[in-house]
Amino acid sequence: MRNALSKKIVDIQPSGIRKFFDVVSEMPDAISLGVGEPDFDTPWSIREEGIYSLEKGRTFYTSNAGLKELRVEITNYLSRKYDLHYDAMKEVMVTVGGSEAIDVALRCMVDPGDEVLIPQPCYVSYVPCAVMADAVPVTIDLKEENQFKLTKEQLLASITDKTKILVLAFPNNPTGAIMTKEELAELVPVIIEKDLYVISDEIYSEMTYNGKHCSIASFPGMKERTVVINGFSKAFAMTGWRLGYACAPANIMEQMIKLHQFAIMCAPTNSQFAAVEALKNCDAEVAKMMEAYNQRRRYLVNAFKEMGIECFEPFGAFYVFPSIKKFGMSSEEFATRLLQEQKLAVVPGTAFGECGEGFVRISYAYSIENLKVGLERIKNFIDGLSVDK
Numbered sequence: 125m126r127n128a129l130s131k132k133i134v135d136i137q138p139s140g141i142r143k144f145f146d147v148v149s150e151m152p153d154a155i156s157l158g159v160g161e162p163d164f165d166t167p168w169s170i171r172e173e174g175i176y177s178l179e180k181g182r183t184f185y186t187s188n189a190g191l192k193e194l195r196v197e198i199t200n201y202l203s204r205k206y207d208l209h210y211d212a213m214k215e216v217m218v219t220v221g222g223s224e225a226i227d228v229a230l231r232c233m234v235d236p237g238d239e240v241l242i243p244q245p246c247y248v249s250y251v252p253c254a255v256m257a258d259a260v261p262v263t264i265d266l267k268e269e270n271q272f273k274l275t276k277e278q279l280l281a282s283i284t285d286k287t288k289i290l291v292l293a294f295p296n297n298p299t300g301a302i303m304t305k306e307e308l309a310e311l312v313p314v315i316i317e318k319d320l321y322v323i324s325d326e327i328y329s330e331m332t333y334n335g336k337h338c339s340i341a342s343f344p345g346m347k348e349r350t351v352v353i354n355g356f357s358k359a360f361a362m363t364g365w366r367l368g369y370a371c372a373p374a375n376i377m378e379q380m381i382k383l384h385q386f387a388i389m390c391a392p393t394n395s396q397f398a399a400v401e402a403l404k405n406c407d408a409e410v411a412k413m414m415e416a417y418n419q420r421r422r423y424l425v426n427a428f429k430e431m432g433i434e435c436f437e438p439f440g441a442f443y444v445f446p447s448i449k450k451f452g453m454s455s456e457e458f459a460t461r462l463l464q465e466q467k468l469a470v471v472p473g474t475a476f477g478e479c480g481e482g483f484v485r486i487s488y489a490y491s492i493e494n495l496k497v498g499l500e501r502i503k504n505f506i507d508g509l510s511v512d513k
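Going by our numbering, 164 is the number at position 40 of the sequence shown; the sequence numbering is gapless.
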């Protein structure tokens, strides 16, 4: 028989995050600080709206782009939160999570051989999605000394005559880095001069602890060359509802909806009705969750400082990215031994790109109680390393 599989897909490596998560699920007494999933329940009013939509038999297909009411609420939300202004009927599409939006945007915007700039460390989907779209992913290694921000100089050095798209993902997973309005402003002239497009993944936009999130699409001349991606999983604790959205210029959005139409048809209907409630009435619940995350963030940063582990202070998302270089082992070895010896799962930094070597990602989307247990196990592990020496 001929080979049934696509070489392109076979060559893509599976997610390094799920590898450790799967082991933990089968290991008694093990705990995980590895997965970016809020430990909060979805706010009750959102759940209630989802239940109500089922009780009322609202189980039909929506339009391909999503419920009109939801698209209108998305535009209202982006306008009041981030000074972004979109036409709900022509420039907004509801997707199955932010991940689908990333995939659709790339497949609609690149031709074979186009280069996509991907600053790393970053979310695991960007490089595979670029490969599946037949683009050429070009990674940019972000530096700890720059607080894992993308600099104008790094951007300029990476652009060629084949570069078409820059992926921006701030607040960042896995580092927790953010980019301020002033820092983004330095990139804008380069993007415009070099005629690049931007895919701006802003799924953690609510989770900015040092000032307000700024979208690059809000700068003059940038809305027409930016696809903004966001969703409900993180800020509203709605991971299993599988709902995201994309906002883009009408000419790009038209093609994105067409691809979405053939691949997905529409996002889950009851999730869409629930999301309307989220955007309309859940600012207070989101604020409470953000306050809790901020408390956990400060707690972890201080704990690592007391342990003598270097960790720059993250100001976004819900991850810390401590350095483990001093222990003389790879990120993979550190994470594997920590799991085997202390039954604690973290994610090696290399799961997010080779430049993540020397770091591990720890999520604080977990309760303070779990974080305390996790920190005790990390301390026991590194104390054991000192004894071994």
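Here a beta-carbon is modelled for each residue, glycine too, at the ideal position from N, C-alpha and C.
Boundaries for residue 478: no beta strand (DSSP E) harbours it, and the DSSP string shows neither H nor E there. Taking C-beta separations shorter than 6 Å and ignoring five residues to either side along the sequence, the partners of residue 266 in its chain run 243 and 272, following chain order. Nearest Cα to residue 402 within the set 504, 415 and 197: 197. For residue 369, the enclosing beta strand (DSSP E) starts and ends at 368–371.
Apart from the 5 residues on each side of it in sequence, residue 465 sits with its Cβ closer than 8 Å to the Cβ of 505 and 508 in its chain, given in chain order. From the listed residues 460, 352 and 140, the smallest Cα separation to residue 298 is found for 140. Under DSSP, residue 243 forms a beta bridge with 264. Distance from the CA of residue 482 to the CA of residue 385, rounded to the nearest whole angstrom, comes to 42 Å. When DSSP states are grouped into helix, strand and coil, residue 256 belongs to the helix group. Cβ atoms of residue 489 and residue 160 come within 8 Å of each other, at about 6 Å. In the DSSP annotation of this structure, residue 325 is not part of any alpha helix (DSSP H); the continuous beta strand (DSSP E) holding it starts and ends at 321–325. Contact between the segment 380–394 and the segment 173–185 is present: 3 or more CB-CB pairs across the two stretches fall below 8 Å.
Taking a cut-off of 8 Å for Cβ pairs, the segment 296–315 and the segment 339–347 touch, as three or more such pairs fall below it. Annotation for residue 331: no alpha helix (DSSP H) segment contains it, and DSSP assigns it neither H nor E.
Sequence-distant Cβ neighbours of residue 451 in its own chain, meaning closer than 8 Å and more than five residues away, are 458, 506 and 509. Excluding residues up to 5 positions away in sequence, 218, 396, 399 and 400 lie with their Cβ nearer than 7 Å to the Cβ of residue 194 in the same chain.
A Cβ-Cβ separation of about 23 Å leaves residue 335 out of contact with residue 222 under the 8 Å criterion.
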